[in-house]
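Asks: Numbering (my numbering), first residue to last: 371 to 524.
Input: one structure, supplied below.
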């Protein structure tokens, strides 16, 4: 199907006032959406929108919203922010283990947050701690592991 045909179909579906999706359909759409986002990592782009996801996947904005809301119990922006936070947590763990000197603020930017304050606010909202505190848990683990190895070998 040509891109113009897809966009015409998307607009047609968006104009439909009422439609229903079964739980199975919502689950299938959510799987497609999450798989796309995880593969392409578009959530890392600040300002990535519902419309862009619709264009990228060929799924109407209404179906995306209804599926994410109905099946995952959140909205599009919650999903994107959750994926950004999970990416940030992964990077922070790696930084702690490798003793990286990358600035924590840079992690937020690389994960798609527009500013330090938004990154810290969202991170604290989801994880109930700051990014620095989260990273320090893994630094302490690394230091404890090094101490155990030292005692064992020495």
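From the three backbone atoms N, C-alpha and C, an ideal C-beta is built for every residue, glycine too.
Can you give me the Cβ contacts of residue 463 inside the same chain, cut-off strictly under 8 Å, excluding the 5 residues immediately before and after it?
Replies: Only 505 and 508 meet the Cβ criterion.
Asks: May I have a chain-ordered list of the alpha helix (DSSP H) segments no shorter than 4 residues that lie completely inside the segment 424-469?
Replies: DSSP runs (the alpha helix (DSSP H)) wholly in the segment 424-469: 431-437 and 446-468.
Asks: Cβ atoms of residue 453 and residue 413: under 7 Å apart, would you say?
Replies: Cβ atoms of residue 413 and residue 453: closer than 7 Å.
Asks: Can you name the start and end residues of the alpha helix (DSSP H) that residue 475 belongs to?
Replies: Run containing residue 475: 474-480, per the alpha helix (DSSP H) assignment.
Asks: Within the chosen definition, does the segment 428-444 reach the segment 464-481 through at least 3 CB pairs nearer than 8 Å?
Replies: Not touching, per the Cβ criterion.
Asks: Following the continuous alpha helix (DSSP H) through residue 417, name the residue where it begins and the one where it ends.
Replies: Note, residue 417: premise wrong, no alpha helix (DSSP H); not H, not E.
Asks: What do you get for residue 389, buried or exposed, if any count of 16 or more other CB atoms within 10 angstroms of its CB means buried?
Replies: Its Cβ having fewer than 16 others within 10 Å, residue 389 is exposed.
Asks: Locate the alpha helix (DSSP H) running through residue 496, then write down its first and last residues.
Replies: Where residue 496 is concerned, the enclosing alpha helix (DSSP H) stretches over 486-497.
Asks: Taking the straight line between their C-alpha atoms, what separation do you get for residue 460 and residue 475?
Replies: C-alpha separation (whole angstroms): 14 Å.
Asks: Assign residue 447 to one of two classes, buried (16 or more other C-beta atoms within 10 Å of its C-beta) or exposed (fewer than that).
Replies: Label assigned to residue 447: exposed.
Asks: Would residue 451 pass as a contact of residue 486 if the rule is Cβ separation under 7 Å?
Replies: No, Cβ-Cβ distance for residue 451 and residue 486 is not below 7 Å.
Asks: In three-state terms, what does DSSP make of residue 506?
Replies: Looking at residue 506 - three-state DSSP - the assignment turns out to be helix.
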